[in-house]
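Taken in order, these protein sequences are the chains called A and B.
For what it's worth, this note's numbering labels the leading residue of the first sequence as -18, then goes sequentially.
For what it's worth, this note's numbering labels the leading residue of the second sequence as -18, then goes sequentially.
For glycine and all other residues, C-beta sits at the position ideal for the given N, C-alpha and C.
Protein chains: 2
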Amino acid sequence: MGNHAITSNDGWSVIDELEITREGKAYILAPRKELFMRPDGIFEPAWAPIFYNPTMMDNRSLTVLSSLAHSYFGNKVKSFAEPLAGSCVRSLRMILEANTQEAYANDIDPYSIYVCRANARLNNIADKVIVFNTDANLFTLQLDNLGIPIDFVDIDPYGTPIYYLQSSIKLIAKNGLLSVTATDVGTLEGKYPYKAFSRYGVLVTKNSFSKEVAARVLLYTLFRFSAFQDRVIEPILTFYDKHYVKIVVKVEKASSTKIRELERNVGYIVVDSNGLPIHTISVDELIGTHEDNKVIGPLWLGPICNQSYLEKIIELSLNKHVDLSKEALSKLRTVLEECRINTPYYLNLPLIAKILKANIPKINYVLETLRNKGFLASRTHFDLLSIKTNAPLEEVSSLFSFRS
Amino acid sequence: MGNHAITSNDGWSVIDELEITREGKAYILAPRKELFMRPDGIFEPAWAPIFYNPTMMDNRSLTVLSSLAHSYFGNKVKSFAEPLAGSCVRSLRMILEANTQEAYANDIDPYSIYVCRANARLNNIADKVIVFNTDANLFTLQLDNLGIPIDFVDIDPYGTPIYYLQSSIKLIAKNGLLSVTATDVGTLEGKYPYKAFSRYGVLVTKNSFSKEVAARVLLYTLFRFSAFQDRVIEPILTFYDKHYVKIVVKVEKASSTKIRELERNVGYIVVDSNGLPIHTISVDELIGTHEDNKVIGPLWLGPICNQSYLEKIIELSLNKHVDLSKEALSKLRTVLEECRINTPYYLNLPLIAKILKANIPKINYVLETLRNKGFLASRTHFDLLSIKTNAPLEEVSSLFSFRS
Chain A
-18 MGNHAITSND GWSVIDELEI TREGKAYILA PRKELFMRPD GIFEPAWAPI
32 FYNPTMMDNR SLTVLSSLAH SYFGNKVKSF AEPLAGSCVR SLRMILEANT
82 QEAYANDIDP YSIYVCRANA RLNNIADKVI VFNTDANLFT LQLDNLGIPI
132 DFVDIDPYGT PIYYLQSSIK LIAKNGLLSV TATDVGTLEG KYPYKAFSRY
182 GVLVTKNSFS KEVAARVLLY TLFRFSAFQD RVIEPILTFY DKHYVKIVVK
232 VEKASSTKIR ELERNVGYIV VDSNGLPIHT ISVDELIGTH EDNKVIGPLW
282 LGPICNQSYL EKIIELSLNK HVDLSKEALS KLRTVLEECR INTPYYLNLP
332 LIAKILKANI PKINYVLETL RNKGFLASRT HFDLLSIKTN APLEEVSSLF
382 SFRS
Chain B
-18 MGNHAITSND GWSVIDELEI TREGKAYILA PRKELFMRPD GIFEPAWAPI
32 FYNPTMMDNR SLTVLSSLAH SYFGNKVKSF AEPLAGSCVR SLRMILEANT
82 QEAYANDIDP YSIYVCRANA RLNNIADKVI VFNTDANLFT LQLDNLGIPI
132 DFVDIDPYGT PIYYLQSSIK LIAKNGLLSV TATDVGTLEG KYPYKAFSRY
182 GVLVTKNSFS KEVAARVLLY TLFRFSAFQD RVIEPILTFY DKHYVKIVVK
232 VEKASSTKIR ELERNVGYIV VDSNGLPIHT ISVDELIGTH EDNKVIGPLW
282 LGPICNQSYL EKIIELSLNK HVDLSKEALS KLRTVLEECR INTPYYLNLP
332 LIAKILKANI PKINYVLETL RNKGFLASRT HFDLLSIKTN APLEEVSSLF
382 SFRS
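Here you go:
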């Protein structure tokens, strides 16, 4: 990378906009604050050619401190990775203050990486800082595929960290640490319930302890991205400060027994109309017993198929354009038939007969009778002995005759 | 790649174990079935040097048919990608039968990729099949970073497809298609409720329509991985056959309004003790009203911190090993204090006072009185005017004096 890489479009050298400053034990090239002042006289890190936010010093110190504590309790923290490094001050401090041997720092911005290299030389640790200049997830996946075990991964994005969780968790070595910072606290606290649901998959109604909810939504999200990769989290630190929440967790390989134990740690809080907490329900309680009416979900309740497409698919298959087995074609016809009925479940006739202690009626009789009564009714490709209908269960039950 | 790459350890050439067969309009090198027979006389594709399962022909035909229907309705399907290609018969058929211009086929197994190249030459379409030999997620992320728009992505793994969803959904071009096949139907149907929860984050209790539940859990999962990437799904085809469920969806860029609309399509089904469906509750209904007691979650309800680590972190910071602001240190002391109390929420004193129409008591008075009564009680770093305690709300309320 030549010098041109750090020259702005207007011909100024980016280096002219930087100065040497200090954070912790690290010297760094940071933006000259006076060049990037907002009208209210406050430094705006987003305007500078490389990203360095001095107000996040405590956040980075807590990364260093968590690592030191982790070492104290007998764990090695030899390697560190930050997929969104900016000036990579975090990597420098991990090496200078937490005895990390190797720091892998990535940023998609080539300016940042140029300055990161310069910073490493400035502190005489250029051999310990390995820099990458690519997409954050590509960086973590590439490290993972190289088989380099990373003892501590730190994600500190602008906004939500959700995009980086899967690959970061996968990258972490046995008993390693993950630090995650989220600045989308409005969403996490449930200020915009629809946004909380679409981003994090959680219901967050009005409540009087929303900052803790923010932390627990994020922890639940870490749990989810860990669990489907057969890993579990063990929280070390939860720290809500200013406009962010930072969470440090230990990540461990998990047996299904271990994940099962952790399900005591996931659940719901019931709140009253004032937003005060009433009681909690753990997933373990919800799954554990089968006595009463139970809830299944969350599920997709909307349409699961598209009639026009299905008709076209069947037509194309009949015209012999594409090979399809007779069985699959026949099944596809049923798929089309049931596609007209937007009921998110089917009714199993033998089960209803058993409960009613009645005979099982002929499926065609049931379908025709329901249709004659004005209901939609069809077979289902999911199960030969079941029907789909928009008729209520009682209506279907009334068609069963009792055993004589 | 030399010939040695397709020679087995025992010196046999892998080519000797293959023969030319046909599926749809494609000729392919496939394993010689008679060499890989199970004792019961059934061909076992997993034993062959490259993976080709003839019983999944219908699955692949439905990919071709969905693509043709998609074109018929005015959409271009110029490019196709399969991250887990095996012999890449799917890519060949998309080119030969669905007029796809370019197929990007990836497999981590070099034998598969060798045979895939040979298959492309055999059908005289070597210029249209671009092969990769890497990790499936690295493949999709690399394509995405190259800026190559992919109109149709097909994921057909052994087991759950969940690991591949985030990057595949991100890769799909505007109004493109995604086909996902899952063979972990036992888990999706709720045969192992804890596994369903840890892998998919859903509660699946005993029910009488489990095959549809399997499809809807998978669709919900596609919805989740789309929604946090600002995309929505529109189901085209749901097909449950033999030991798999295949789902084809259109993937669209989404405004938050559009995602919000879709929340009508996500929710819960209440079942009775027989596993029969009683009624459904959509997330839209759950979020939309605030009249009664409401549920927040799923949340992490377990510990959010580790006392030993916190004590060490504070000690290290005091010993001046690591810079930390006075404010952060003071906050950290509160974090340690509240860490002793495993209540997943805090109580806001001004809110309780307002509801009781009472005066707000001094926070230290409340804490001391609760402790004297044998409860745990502390301030919380989340909120200056709130407390954490294991005392019930009524106990705390009793400490408020009414306004005179």
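- Item | Sub-7 Å separation of residue 106(A) and residue 85(A) beta-carbons | Against a cut-off of 7 Å, the Cβ pair of residue 85(A) and residue 106(A) comes out as no contact.
- Message: What does the Cβ neighbour count give for residue 289(B), buried or exposed, with the cut at 16 atoms within 10 Å?
- Response: It counts as exposed.
- If you draw a straight line from the alpha carbon of residue 271(B) to that of residue 11(A), how long is it in whole angstroms? Caution is warranted here: a pLDDT of 45 is assigned to residue 271(B), below 50, making its placement in the model unreliable, and the coordinate value is therefore given only provisionally. Those two C-alpha atoms are separated by around 48 Å.
- Member of 187(B), 380(B), 214(B) whose CA lies at the smallest distance from the CA of residue 284(A): Comparing alpha carbon positions, the residue from 187(B), 380(B), 214(B) closest to residue 284(A) is 214(B).
- For residue 23(A), three-class secondary structure by DSSP: If DSSP states are grouped into helix, strand and coil, residue 23(A) belongs with coil.
- Would you mind stating whether residue 286(A) and residue 218(B) have Cβ atoms separated by less than 7 Å? Their beta carbons are under 7 Å apart, which means residue 286(A) touches residue 218(B) by this criterion.
- Query: Is DSSP giving residue 0(A) helix, strand or coil here?
  - Reply: Here residue 0(A) sits in strand by DSSP.
- Task: Spell out a yes or no on whether the segment 85 to 100 of chain A and the segment 184 to 199 of chain A are touching, meaning 3 or more CB-CB pairs, one atom from each, closer than 8 Å.
- Result: Segment contact: the segment 85 to 100 of chain A against the segment 184 to 199 of chain A, fewer than three CB-CB distances shorter than 8 Å; contact not assigned.
- Within-7 Å CB hit, residue 26(A) to chain B: Interface flag for residue 26(A) against chain B is unset, since no Cβ pair is found closer than 7 Å.
- Item | Member of 147(B), 176(B), 182(B) whose CA lies at the smallest distance from the CA of residue 211(B) | Taking only the C-alpha atoms, the option nearest residue 211(B) is 147(B).
- Message: With H, G and I counted as helix, E and B as strand and the rest as coil, what does DSSP make of residue 381(B)?
- Response: Coil.
- Would you mind telling me which residues of chain B sit closer than 7 Å to residue 326(A), beta carbon to beta carbon, in chain order? Here the neighbours are 190, 193, 250, 258.
- Item | Contacts of residue 334(A) in chain B (Cβ-Cβ under 8 Å) | Within 8 Å Cβ-Cβ: nothing; residue 334(A) doesn't reach chain B, min ~12 Å.
- Per-residue DSSP class, three states only, for residue 376(B): In this structure, DSSP gives residue 376(B) a helical state, which the three-state scheme calls helix.
- Mark residue 82(A) as exposed unless 16 or more other C-beta atoms lie within 10 angstroms of its C-beta, in which case mark it buried. By the 10 Å Cβ count, residue 82(A) comes out exposed.
- Message: Give me, in chain order, the residues of the same chain whose beta-carbon lies closer than 6 Å to that of residue 195(B); leave out the 5 immediate sequence neighbours on both sides.
- Response: These residues qualify, in order along the chain: 166, 169, 170, 226.
- If you measure beta-carbon to beta-carbon, which residues of the segment 3 to 19 of chain A are closer than 8 Å to chain B? Here the close residues are 4, 5.
- Task: Give, in chain order, every residue of the segment 278 to 292 of chain A whose Cβ lies closer than 8 Å to some Cβ of chain B.
- Result: So the list reads 278, 279, 280, 281, 282, 283, 284, 285, 286, 287, 289, 290, 291, given in the order they occur along the chain.
- Would you call residue 54(B) buried or exposed, if buried means 16 or more other Cβ atoms sit within 10 Å of its Cβ? Counting Cβ neighbours within 10 Å, residue 54(B) comes out exposed, since fewer than 16 surround it.
- Query: Can you tell me whether DSSP reads residue 201(A) as helix, strand or coil?
  - Reply: Reduced to three states, the DSSP call for residue 201(A) is helix.
- Taking Cβ-Cβ distances below 7 Å as the criterion, which residues of the segment 163 to 190 of chain A are in contact with chain B? Within the segment 163 to 190 of chain A, the residues whose Cβ lies closer than 7 Å to some Cβ of chain B are 174, 175, 176, 178, 179, 180, 182, 183, 184, 185, 186, 187, 188, 189, 190, listed in chain order.
- Query: So, does the CB of residue 356(B) fall closer than 7 Å to a CB anywhere in chain A?
  - Reply: Closer than 7 Å: no.
- Could you confirm whether any beta carbon from chain B is found closer than 7 Å to the beta carbon of residue 41(A)? Output row for residue 41(A): interface = no.
- Query: Does DSSP put residue 137(A) in a helix, a strand or coil?
  - Reply: The three-state secondary structure of residue 137(A), taken from DSSP, is coil.
- Quick one: any contact between the segment 85 to 96 of chain B and the segment 120 to 131 of chain B, if contact means 3 or more CB pairs under 8 Å? Contact holds between the segment 85 to 96 of chain B and the segment 120 to 131 of chain B, because three or more Cβ pairs, one in each stretch, are under 8 Å apart.
- Task: Consider the Cβ of residue 275(B): report whether some Cβ of chain A lies at a distance smaller than 7 Å.
- Result: Closer than 7 Å to some Cβ of chain A, the Cβ of residue 275(B) qualifies, so yes.
- Item | Through-space distance from residue 221(B) to residue 363(A), alpha-carbon basis | Rounded to whole angstroms, residue 363(A) to residue 221(B) spans 6 Å at the Cα level.
- Three-state secondary structure assigned by DSSP to residue 347(B): Per DSSP, reduced to three states, the secondary structure at residue 347(B) is helical.
- Determine, using beta-carbon pairs with one atom in the segment 57 to 70 of chain B and one in the segment 21 to 33 of chain B, whether at least three such pairs fall under 8 Å. With the cut-off at 8 Å, the segment 57 to 70 of chain B and the segment 21 to 33 of chain B touch.
- Do residue 156(A) and residue 78(A) come within 7 Å of each other at the CB atom, strictly closer than that value? In this structure, the beta-carbon distance from residue 78(A) to residue 156(A) does not fall below 7 Å.
- So, is the C-beta of residue 230(A) closer than 7 Å to a C-beta in chain B? No, residue 230(A) lies away from the interface with chain B (no Cβ there is under 7 Å from its Cβ).
- Task: For residue 271(B), name the three-state secondary structure that DSSP assigns.
- Result: Confidence at residue 271(B) is low in this model, with a pLDDT of 45, below 50, so its placement is unreliable and the value that follows should be read with caution. Three-state result, residue 271(B): coil.
- Query: With respect to the beta strand (DSSP E) encompassing residue 360(B), which residues constitute its N-terminal and C-terminal limits?
  - Reply: Counting along the chain, the unbroken beta strand (DSSP E) around residue 360(B) starts and ends at 358 to 361.
- Could you round the C-beta distance between residue 239(A) and residue 186(B) to whole angstroms and report it? I think they count as a contact, below 8 Å. Contact check for residue 239(A) and residue 186(B): beta-carbon distance about 22 Å, past the 8 Å limit, so the pair fails to qualify.
- Message: By alpha-carbon positions, which one of 18(B), -1(B), 51(B), -4(B) ends up nearest to residue 386(B)?
- Response: Given a span of -18 to 385 for chain B in the structure shown, any question on residue 386(B) remains unanswerable.
- Between the segment 308 to 320 of chain A and the segment 341 to 360 of chain A, are three or more C-beta pairs nearer than 8 Å? Look at the beta carbons and you see the segment 308 to 320 of chain A touching the segment 341 to 360 of chain A: at least three pairs across the two are nearer than 8 Å.
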